[in-house]
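A.B. asks: Encoded as structure tokens, here's the structure I'll be asking about.
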Amino acid sequence: MTTATGVGSMPGTTDEGYAEAVRVVLGELPDLPHVPEVPGRGVTAGMTGRALAVVDGLAADLQPAGWRLTDTSGVDHRRARSLLAQDLDAVEELAQGYVGTFKTQVTGPWTLAATVEKPRGDKVLSDHGARRELAQSLAEGVRVHLADLRRRITGVDRWIVQLDEPALAAVSLAHVPTASGFGRHRRVDPPELSAHLEWVVAAITDAGGEAWVHSCAPQTPWSLVAGTGVVGLSADLDVLGPADLDTFAEALEGGRSAALGVVPSTSASDDPATDPSDARLTERVQRWLDMLGLDPEVVDEHLVVTPTCGLAGATPGWAGRAVRLSSTVARNLSLQQPS
């Protein structure tokens with residue numbers, strides 16, 4: 025059966041908005057809900073702050089230029105950890121009695137290295153030893169985080185941990201700017217790119233989870249990602265090149281999951297009359313399968329429908345419609361398969 029899920033983020037600016045996001049996810053994505061992120065509440069709820077709240081054994085603080093590793097945790101790092109625990113309390117309460125598959129998300133090692141600074145400034149990306157330490161600390165933190173989720177929501181028999189890597193393409197192509205803004209950090213060689221992802225993927229697997237990687241950035245090295253042991257690939261279908269499409273097709277044929285972002289993440293209007301139709305979106309996925317010579321009946325259970333990217337920038341009205349559209353498209357695809 026084709027399923028639907030969200031990429032991760034939802035709109036909102038308050039803790040009450042977080043609880044509402046959880047309700048929407050549980051209500052509209054019953055086959056594959058996810059732990060929502062609501063970054064509109066501030067930097068401690070953003071993807072970097074969220075990941076630093078998970079990282080084990082490293083301290084951080086918020087500086088004018090952004091998050092920086094430090095000797096002791098600053099007030100904002102402590103707030104990020106407290107907010108994550110508070111949010112998981114809300115998920116635990118609202119998901120009581122849930123049975124099935126659940127997904128959570130965390131920033132991947134390369135996007136984290138490209139956004140967090142070393143203690144003396146400049147990105148962690150600039151230092152081989154620092155980026156290695158950050159990736160390994162993330163791997164251990166994700167292991168602990170997944171164990172916490174298992175304790176909280178006991179009916180989940182399959183946990184998916186999605187590593188968000190929107191900066192992976194920039195890291196691999198030497199497009200990440202230096203602190204001065206006048207230069208670019210040197211590209212990281214593929215073996216190291218793979219190794220750091222593999223550490224986190226292995227930690228997820230060892231903890232009994234299933235690792236996916238998501239990016240809605242063009243030029244993401246999907247063939248490299250596919251070789252790290254991940255079980256799922258997730259991307260905006262619009263940004264995939266011909267070679268990427270082949271990688272996704274090979275993943276599906278090999279029994280891995282492919283999450284296709286086909287529902288727009290934002291809309292100029294909350295008027296239902298302007299919504300993209302579920303029939304048109306369903307047809308688009310079917311054309312993609314046909315173009316790649318994939319048998320819909322064979323890949324159906326490994327296919328996942330999502331919005332094109334996170335919904336943090338959407339209005340609450342559109343966010344609700346986007347997840348409903350994702351569910352409808354997934355249902356359409358399943359209904360068209362022979363029983």
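For the sequence shown, the working numbering assigns the number 363 to the last residue and increments by one with no breaks.
No residue lacks a Cβ here, since even glycine has one placed at the ideal position from N, Cα and C.
Pick out the complete alpha helix (DSSP H) segments inside the region 286-351, 4 residues or longer, and give them in chain order.
C.D. replies: 302-315, 320-323
A.B. asks: Is the beta carbon of Val322 within less than 7 Å of some heavy atom of the ligand FMN?
C.D. replies: Here there are no bound small molecules, and the ligand FMN is not part of this structure.
A.B. asks: Kindly confirm or deny that the region 63-80 and the region 103-111 touch, where touching means at least three C-beta pairs closer than 8 Å.
C.D. replies: yes
A.B. asks: What does the Cβ neighbour count give for Val6, buried or exposed, with the cut at 16 atoms within 10 Å?
C.D. replies: Residue 6 lies beyond the residue range present for the chain, which begins at 25 and ends at 363; the question has no answer from this structure.
A.B. asks: Between the region 215-226 and the region 175-182, are three or more C-beta pairs nearer than 8 Å?
C.D. replies: In this structure the region 215-226 does not lie against the region 175-182, because fewer than three pairs of beta carbons, one per stretch, are closer than 8 Å.
A.B. asks: Report the option in Arg102, Leu53, Ala43, Leu187 whose CA atom is closest to the CA atom of Val123.
C.D. replies: Leu53
A.B. asks: Answer with buried or exposed for Val31, where buried requires no fewer than 16 other C-beta atoms within 10 angstroms of its C-beta.
C.D. replies: When all chains shown are included, Val31 counts as buried.
A.B. asks: With a threshold of 6 Å on Cβ separation, who are the neighbours of Trp246 within its own chain once the five nearest residues in sequence on each side are excluded?
C.D. replies: Asp268, Thr271
A.B. asks: Out of Gly279, Leu173, Ile177, Pro288, which one is the CA nearest neighbour of Val255?
C.D. replies: Gly279
A.B. asks: Quick one: is Gly121 buried, meaning 16 or more other Cβ sit within 10 Å of its Cβ, or exposed?
C.D. replies: Gly121 should be labelled exposed.
A.B. asks: Helix, strand or coil: how does DSSP classify Leu162 here?
C.D. replies: Helix, per DSSP.
A.B. asks: So Val353 and Val329 are in contact, right, with Cβ under 8 Å, and what is the actual spacing, rounded?
C.D. replies: 5 Å
A.B. asks: Relative to the alpha-carbon of Ala338, which residue among Ala28, Met34, Thr26, Thr27 has its alpha-carbon at the smallest distance?
C.D. replies: Met34
A.B. asks: Measuring straight from C-alpha to C-alpha, what distance separates Gly233 and Thr26?
C.D. replies: 20 Å
A.B. asks: Rounded to whole angstroms, what is the Cα-Cα separation between Ser363 and Ser239?
C.D. replies: The predicted model places Ser363 with a pLDDT of 47, which falls under 50 and marks its position as unreliable; any figure quoted below should be read in that light. So the alpha carbons of these two residues sit roughly 33 Å apart.
A.B. asks: Which residues mark the beginning and the end of the alpha helix (DSSP H) in which Gly41 is found?
C.D. replies: 39-52
A.B. asks: Is the distance from the Cβ of Gly251 to the Cβ of Ser289 below 8 Å?
C.D. replies: no
A.B. asks: Please report how far the alpha carbon of Ala194 lies from the alpha carbon of Gly145, in whole angstroms.
C.D. replies: 20 Å
A.B. asks: With a cut-off of 8 Å, do at least 3 Cβ pairs link the region 133-148 to the region 199-219?
C.D. replies: Contact between the region 133-148 and the region 199-219 is present, because at least three Cβ pairs lie under 8 Å.
A.B. asks: From which residue to which residue does the beta strand (DSSP E) around Gln186 run?
C.D. replies: 180-188
A.B. asks: Pull up the distance between the alpha-carbon of Arg311 and that of Ser291, whole angstroms please.
C.D. replies: Distance between the alpha carbons of Arg311 and Ser291: 24 Å.
A.B. asks: Taking 8 Å as the cut-off, decide whether the C-beta atoms of Ala231 and Ala159 are in contact.
C.D. replies: No. Outside cutoff.
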